[in-house]
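Worksheet: the structure to be examined is printed underneath.
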Amino acid sequence: MVAAARLRRAEERARMARPYADRLQSFLDRFTIDPENIPHPLAETRIVNRSGLLIITSDRGLCGSYNSNILREATKWLEQRDTDKTQLYIIGNKGNSYFKRRKWKIAKHFGNLDYKIDYKETKEITDTIANDFIDGKVDEVDLLYSRYVSPAVCRQTMLNLLPIKATGKEEHTGPASDFIYEPSPEEILEILFPKYLYTRIVTSLAESLASEQGQRMVAMSAATENAEEMCRILTLKYNKARQAAITKELLEIVGGADALEK
Amino acid sequence: MATFSEGKTFELDIMTPMKSAFTGQVEYLSAFGVDGSFGVLVNHAPMLSALDFGPLFVRKPGGEGQWFVVCSGFFEIHENKAALLVETCESKQDIDVNRALAAKERAEKRLTNPENVDIDRARAALQRALVRIQTAAK
Chain A
5 MVAAARLRRA EERARMARPY ADRLQSFLDR FTIDPENIPH PLAETRIVNR
55 SGLLIITSDR GLCGSYNSNI LREATKWLEQ RDTDKTQLYI IGNKGNSYFK
105 RRKWKIAKHF GNLDYKIDYK ETKEITDTIA NDFIDGKVDE VDLLYSRYVS
155 PAVCRQTMLN LLPIKATGKE EHTGPASDFI YEPSPEEILE ILFPKYLYTR
205 IVTSLAESLA SEQGQRMVAM SAATENAEEM CRILTLKYNK ARQAAITKEL
255 LEIVGGADAL EK
Chain B
315 MATFSEGKTF ELDIMTPMKS AFTGQVEYLS AFGVDGSFGV LVNHAPMLSA
365 LDFGPLFVRK PGGEGQWFVV CSGFFEIHEN KAALLVETCE SKQDIDVNRA
415 LAAKERAEKR LTNPENVDID RARAALQRAL VRIQTAAK
């Protein structure tokens with residue numbers, strides 16, 4: 005059961021990353037609800053003219069509806085927007101080959117990640133998107149990934165990646181200005197924002213990889229079951245046909261012998 | 315060290331993107347911030363601090379201490395709940411001393427022979443190796 009071992013690893017990876025990501029989110033929320041909101045190029049809210057979408061798909065197929073679900077959601081998102089004002093960032097070969105045949109613009113494709121979450125690769129993805137945003141090539145970037153629930157269930161999840169915003173769900177227990185910041189809040193943000201963006205992408209990738217493995221395992225075990233069922237039915241059919249043929253031959257022989265005796 | 319805070323503890327979570335490295339009550343923590351090292355006892359004022367690569371020390375109830383090496387992240391304490399979010403966290407036992415020694419040697423070689431060498435990178439590598447070696451020896 006290679007798939008099961010892979011799934012276990014990917015699942016653990018995704019689960020382990022969650023507390024870190026959630027905590028980082030709460031750090032961020034504390035900052036952005038601070039009345040003295042500090043401007044940062046990654047948090048700049050502009051009038052949205054051009055949008056970007058980062059889609060996480062798989063490199064390989066045979067994983068059930070994993071890719072088609074994501075691509076359907078992506079298409080829904082795209083249909084609400086102008087073709088010449090959107091661009092896609094695609095992780096995974098499946099998404100790339102799907103959108104290459106269609107009219108939407110692919111700004112960048114990252115493929116062949118080989119089920120690993122490699123620092124260099126993920127950093128490149130993060131930097132590409134961050135730079136496009138800072139350069140004004142896109143005014144907002146959303147992220148579409150598969151959140152892992154169980155091997156059989158994953159949820160296609162869309163979230164705002166840029167500009168960075170607080171989710172606002174963090175319960176605020178006291179004025180943020182009571183906090184001691186070391187070094188200054190500006191310097192902390194300088195570190196926090198890129199790290200937050202990176203973490204968002206990495207955890208989404210971890211969730212998606214776990215979902216993919218789960219979906220693949222379920223799809224493959226369903227395929228095995230179907231094949232076994234098919235085998236059973238065909239064996240039955242074959243035996244019936246064989247018996248029918250034997251019976252027919254016997255009847256012919258008996259019939260022939262009877263005719264000779266007469 | 316008999317102080318007013320002796321025996322009183324606060325909650326600490328050390329989290330990395332790969333795993334949860336430590337969870338428990340501690341009496342004292344010292345870490346390496348971007349602006350230098352600092353220590354935290356129970357009932358500390360709310361604080362958020364950026365961390366550099368450096369050693370981290372926690373003292374658990376009963377006086378037992380534990381050393382870690384952490385890399386780049388944040389420390390937060392708020393109402394006696396502290397969290398450390400770092401890229402990597404190695405406990406003293408996990409440190410690969412041989413690897414650190416090799417890294418130290420490599421970096422030193424580059425620094426004494428600084429042709430076609432990224433000096434900053436070599437310095438940073440040397441710094442990391444030294445912190446690991448020192449922490450492992452504690």
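These protein sequence lines are chains A and B, in that order.
Take any residue in the first sequence, note its place counting from 1, add 4, and you have its number in my numbering.
Take any residue in the second sequence, note its place counting from 1, add 314, and you have its number in my numbering.
No residue lacks a Cβ here, since even glycine has one placed at the ideal position from N, Cα and C.
Item: Does the pairing of the segment 352-363 of chain B with the segment 385-397 of chain B give three or more beta-carbon distances under 8 Å?; Value: yes
Item: Could you spell out the range, first to last residue, of the beta strand (DSSP E) harbouring C403 of chain B?; Value: K395 to S405
Item: Please list, in chain order, the chain A residues whose beta carbon lies closer than 9 Å to that of S334 of chain B.; Value: M20, P23 and Y24
Item: Pick out the complete beta strand (DSSP E) segments inside the segment 152-213 of chain A, 3 residues or longer, and give them in chain order.; Value: 157-166 and 184-186
Item: Could one say the Cβ of S351 of chain B lies closer than 8 Å to chain A's Cβ atoms, at least one of them?; Value: no
Item: By the three-class DSSP mapping on this structure, what secondary structure does W381 of chain B have?; Value: strand
Item: Between the segment 246-255 of chain A and the segment 89-97 of chain A, do three or more beta carbon pairs fall short of 8 Å?; Value: no
Item: Would you tell me roughly how many angstroms separate the C-alpha atoms of A451 of chain B and F382 of chain B, rounded to the nearest one?; Value: 12 Å
Item: In or out: P39 of chain A buried (at least 16 other Cβ within 10 Å) or exposed?; Value: Because the pLDDT of P39 of chain A is 49, which lies under 50, any placement of that residue in the model is unreliable, and the number read from its coordinates should be weighed accordingly. Exposed, by the Cβ-count rule.
Item: Just to make sure I have the definition right: I need the residues of chain A whose C-beta is within less than 7 Å of the C-beta of G347 of chain B. Which are they?; Value: E186
Item: Which residues does DSSP list as the beta-bridge partners of P331 of chain B?; Value: BP columns for P331 of chain B are empty, so no partner.
Item: Less than 8 Å separating the beta-carbons of V219 of chain A and A14 of chain A?; Value: The residue asked about is misnamed: residue 219 of chain A is Gln in this sequence, not Val. Cβ distance not < 8 Å, so Q219 of chain A and A14 of chain A don't count as in contact.
Item: Count the other CB atoms, across all protein chains shown, that sit within 10 Å of the CB of I328 of chain B; report buried if there are 16 or more and exposed otherwise.; Value: buried
Item: Would you report the Cα separation of E429 of chain B and Y185 of chain A, rounded to the nearest angstrom?; Value: 40 Å
Item: Hey, how far is the Cα of N100 of chain A from the Cα of I447 of chain B?; Value: 46 Å
Item: What are the uninterrupted segments assigned as beta strand (DSSP E) that are 3 or more residues long and contained completely in the segment 111-145 of chain A, given in chain order?; Value: none
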